[in-house]
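Worksheet for the structure shown next.
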Amino acid sequence: MTEIPEHLLRRAKEARERLEGGAEGAAGGAPPPETPPPETPPGDEEKIPAHLLDRARSAADQASVAPAAPGGPVAPAAPSAPTGPGGHTQRLLTVVKSGSIQDVKAMPQDRVHVWPHLLLGEFVASLFITAFLLIFSVFVNAPLLELANVNETPNPSKAPWYFLGLQELLTMFHPMVAGVTIPGIALFLLILAPYIDRNKENAPEKRKFAVSLMTVHLMFWAVLVMIGSFFRGPGFNFIFPWNDGLFFDF
Amino acid sequence: MGGQLGGKASDLMGQMQGSQAWVSIFRPGSIFRKGYTDSPRNRSYVIMNSVLYHLHPVKVKRHGVRVSYTLCLGGLSFFLFILLTVTGIFLMFFYRPTAAQAWDDIYILQTEVAFGLLVRNIHRWGAHLMVLTVFLHMARVFYHGAYKPPREFNWVIGVILLTLTLLLSFTGYLLPWDQLALWAVTVGTNMMGFTPVFGDQVRFVLLSGVEIGTDTLLRWYVLHVLMLPFVLIIFLAVHFWRVRKDGGISGPL
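These protein sequences, in sequence, are chains E and X. Quick note on our numbering: the first sequence kicks off at 6 and runs consecutively. Quick note on our numbering: the second sequence kicks off at 543 and runs consecutively.
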């Protein structure tokens with residue numbers, strides 16, 4: 006997905022050509038003159054600060070000289086009439102340089118169009134998972150054991166696989182600790198993770214403690230679930246599945 | 543002959559595209575009105591003029607479309623949720639949540655309904671897969687440090703979504719009403735019965751009685767097909783909305 010969109014390539018090429026063409030044409034050209042000042046009608050002179058008037062006059066002098074520069078861009082002619090489109094007088098009050106009042110913090114980011122770059126990927130991913138599920142479901146049937154019977158307890162009785170870690174803890178702790186306290190605290194800490202971890206870094210090498218803690222936590226549950234699923238037989242006693250067979254339904 | 547047919551077809555197409563229904567579905571600027579040629583403007587219109595604009599912005603950070611960054615896990619979880627909703631609706635047509643009928647309904651669904659077994663299999667394996675993808679999505683987000691400001695609240699919603707996913711899967715576990723379902727749920731609810739102070743009440747509310755029976759089945763059925771999906775969709779909406787409000791996907795590392 007790292008290809009550069011063709012319209013960007015095209016635009017870059019055009020810009021390069023323009024630059025090369027311009028470099029030949031405008032060699033030794035004078036920089037474009039400042040904003041052409043309007044000629045102030047004499048009646049208004051007392052309202053305009055003296056330094057602006059000075060600046061306007063000197064700029065007007067420059068503008069009259071500029072057309073003589075060889076190959077330089079022609080300065081727009083100073084307006085002949087002092088009035089604008091609606092008959093209003095246009096005045097240059099001040100020039101605000103860029104950056105003097107605006108402080109742009111956001112840097113432009115490298116972005117791509119969601120269509121097609123992201124949507125195609127998502128579409129292909131959903132196709133893959135659908136195909137996988139369909140093929141898996143054709144060959145492997147969901148379990149349907151005999152009708153539920155309250156009087157006949159299967160041995161072993163197991164919870165769904167994602168709760169088998171908790172059931173495994175039941176063999177070690179009092180049910181209140183294993184079934185409620187430990188998972189409750191784990192869930193609570195998980196929710197609070199962003200408020201506990203105040204480290205601002207994202208790179209794994211700068212947050213080794215958080216990464217190792219989470220890995221230990223995830224491995225803890227994964228190992229418990231594995232043991233509960235595959236290594237527990239009748240009476241929830243420890244077995245080896247390659248000796249005693251599987252006691253696990255999905 | 544062919545030219546006539548083609549002319550009629552294009553007439554019909556023109557009439558359809560001029561109709562009130564077409565014009566109200568495909569808004570001005572839609573590619574279904576003006577045709578699509580590949581340009582930045584049209585690429586933007588594809589998203590802006592469709593319901594997708596609620597999910598995706600027009601542009602995303604370049605690193606965000608790399609499969610190796612997200613592994614598509616969040617999107618796949620959402621897709622599996624849609625797949626489970628569709629297959630679940632199909633299953634609802636053939637299922638009655640009472641102790642006397644539930645098992646027989648599933649059995650008949652598997653043996654006599656066209657594609658019944660296949661759809662049930664997809665629903666079951668898809669549910670297990672969704673638990674897995676949601677879990678892996680959480681791990682991915684943690685390892686990228688994506689739960690850090692400004693995304694800390696979205697992490698909280700994500701953990702709630704994980705819990706809801708587990709509950710949805712667990713409530714669905716009882717519905718076939720076979721030995722596996724009954725005893726898995728017995729083990730699970732017994733565990734929850736050890737909640738301090740009001741353990742017995744928690745168990746009573748969950749089972750709709752003192753022991754598992756036909757009332758439990760009805761309760762878990764309503765939870766599974768209506769209440770939990772409803773709550774999940776609300777949290778999903780907030781989850782997706784926050785992804786965009788927090789400046790899109792995290793990173794790059």
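Beta carbons are placed, not taken as given, at the ideal position from N, Cα and C, and that holds for glycine.
Handout entry: Whole-angstrom C-beta distance between Val727(X) and Leu716(X), which should lie under 8 Å
Key = 5 Å
Practice task
List the residues of chain E that Asn591(X) touches, going by C-beta distances under 7 Å, in chain order.
Solution key: Ordered by position in chain E, no residue passes the 7 Å Cβ test against Asn591(X), which lies about 11 Å from the chain.
Practice task
Grab me the residues of Ser234(E)'s own chain with a C-beta within less than 6 Å of its C-beta, minus the 5 sequence neighbours each way, in chain order.
Solution key: Trp166, Leu169 and Phe253
Practice task
Kindly indicate if chain E contains any beta-carbon less than 9 Å away from that of Trp725(X).
Solution key: yes
Exercise for the section: Would you mind telling me which residues of chain X sit closer than 9 Å to Met181(E), beta carbon to beta carbon, in chain order? Expected result: Phe736, Thr737, Pro738 and Gly741
Problem - Straight-line gap, Phe740(X) to Val747(X) (C-alpha atoms, nearest Å) - result: 11 Å
Exercise for the section: Leaving aside the five residues before and after Leu554(X) along the sequence, list all residues of the same chain whose C-beta is less than 7 Å from its C-beta, in chain order. Expected result: none
Practice task
Please confirm whether Trp645(X) and Leu194(E) have their CB atoms less than 9 Å apart.
Solution key: Not a contact, by the Cβ cut-off of 9 Å.
Exercise for the section: Give the residues of chain X in contact with Ser131(E), contact being defined as C-beta atoms less than 7 Å apart. Expected result: Phe621
Practice task
Show which residues of chain E have a CB atom less than 7 Å away from the CB atom of Arg666(X).
Solution key: Chain E residues near Arg666(X): Ala147.
Practice task
Express the C-alpha separation of Arg569(X) and Val143(E) in angstroms, rounding to a whole number.
Solution key: 42 Å
Practice task
Locate the beta strand (DSSP E) running through His93(E), then write down its first and last residues.
Solution key: Looking at the DSSP string, His93(E) is not in any beta strand (DSSP E), and its letter there is neither H nor E.
Practice task
Mind checking which residues open and close the alpha helix (DSSP H) that includes His118(E)?
Solution key: Counting along the chain, His118(E) falls outside any alpha helix (DSSP H), though it belongs to the beta strand (DSSP E) covering Arg116 to His118.
Problem - Lys787(X), DSSP secondary structure in three states - result: helix
Practice task
Count the CB pairs spanning the segment 668-686 of chain X and the segment 752-761 of chain X that are closer than 8 Å, and state whether there are at least three.
Solution key: With the cut-off at 8 Å, the segment 668-686 of chain X and the segment 752-761 of chain X do not touch.
Practice task
Using a Cβ-Cβ cut-off of less than 9 Å, list which residues of the segment 637-671 of chain X approach chain E; keep chain order.
Solution key: Ala641, Ala644, Trp645, Asp646, Ile648, Tyr649, Gln652, Leu659, Leu660, Val661, Arg662, Asn663, Ile664, His665, Arg666, Trp667, Gly668, His670 and Leu671
Exercise for the section: Report yes if the CB atom of Trp762(X) is closer than 9 Å to the CB atom of Ala153(E), and no otherwise. Expected result: no
Exercise for the section: Check the Cβ of Gly261(E) against every Cβ in chain X and list those closer than 7 Å, keeping chain order. Expected result: Lying outside 6 to 255, the shown extent of chain E, residue 261(E) is not represented and no answer is given.
Handout entry: Reduced DSSP category for Arg585(X) - H, G, I as helix; E, B as strand; rest coil
Key = helix
Handout entry: Proximal residues, the segment 698-712 of chain X versus chain E, C-beta separation under 9 Å
Key = Val698, Val701, Ile702, Leu704, Thr705, Leu708, Ser711 and Phe712
Practice task
In angstroms with no decimal places, state the Cα-to-Cα distance between Lys603(X) and Gly630(X).
Solution key: 36 Å
Problem - Proximal residues of chain E, C-beta to C-beta of Thr728(X) below 8 Å - result: Ser162
Problem - Stretch pair the segment 657-677 of chain X + the segment 131-139 of chain E: three plus CB contacts closer than 8 Å - result: By the C-beta criterion, the segment 657-677 of chain X is judged to be in contact with the segment 131-139 of chain E, since at least 3 inter-stretch pairs fall below 8 Å.
Exercise for the section: Specify, as a first and last residue, the run of the alpha helix (DSSP H) that Val602(X) falls within. Expected result: Not the alpha helix (DSSP H): Val602(X) falls in the beta strand (DSSP E), residues Lys601 to Lys603.
Practice task
Rounded to whole angstroms, what's the CA-CA distance from Val684(X) to Pro794(X)? Just pull it up for me.
Solution key: The sequence shown places Phe at residue 684(X), rather than the Val named in the question. Each residue's Cα considered, the two are about 14 Å apart.
Exercise for the section: Give me the Cα-Cα distance between Thr705(X) and Asp580(X), rounded to the nearest whole angstrom. Expected result: 43 Å
Problem - Cross-strand partners of Asp720(X) (DSSP beta bridge) - result: Leu152(E)
Handout entry: Cβ pair Gly658(X), Leu625(X) closer than 9 Å
Key = no
Practice task
List the whole-angstrom C-beta distance separating Asn696(X) from His781(X), where the pair is believed to meet the contact cut-off of C-beta under 8 Å.
Solution key: 6 Å
Exercise for the section: Can you give me the start and stop residues for the alpha helix (DSSP H) that Val609(X) sits inside? Expected result: Val609 to Thr612
Exercise for the section: Can you have a look at Lys211(E) and say buried or exposed, based on whether 16 or more other CB atoms are within 10 angstroms of its CB? Expected result: exposed
Exercise for the section: Use the C-beta contact count for Gly250(E): other C-beta atoms within 10 angstroms, 16 or more gives buried, fewer gives exposed. Expected result: The residue in question, Gly250(E), is exposed, as its Cβ has fewer than 16 Cβ neighbours within 10 Å.
Handout entry: Beta-carbon proximity of Pro159(E) to Leu171(E), cut-off 9 Å
Key = no
Practice task
Check whether the Cβ of Gly30(E) lies closer than 9 Å to any Cβ atom in chain X.
Solution key: Because Gly30(E) carries a pLDDT of 48, less than 50, the predicted location of this residue cannot be relied on, and the following value inherits that uncertainty. Cβ-Cβ to chain X under 9 Å: no for Gly30(E).
Exercise for the section: Using a cut-off of 8 Å between C-beta atoms, extract the partners of Leu171(E) located in chain X. Expected result: Met733
Practice task
Following the continuous alpha helix (DSSP H) through Thr629(X), name the residue where it begins and the one where it ends.
Solution key: Leu615 to Met634
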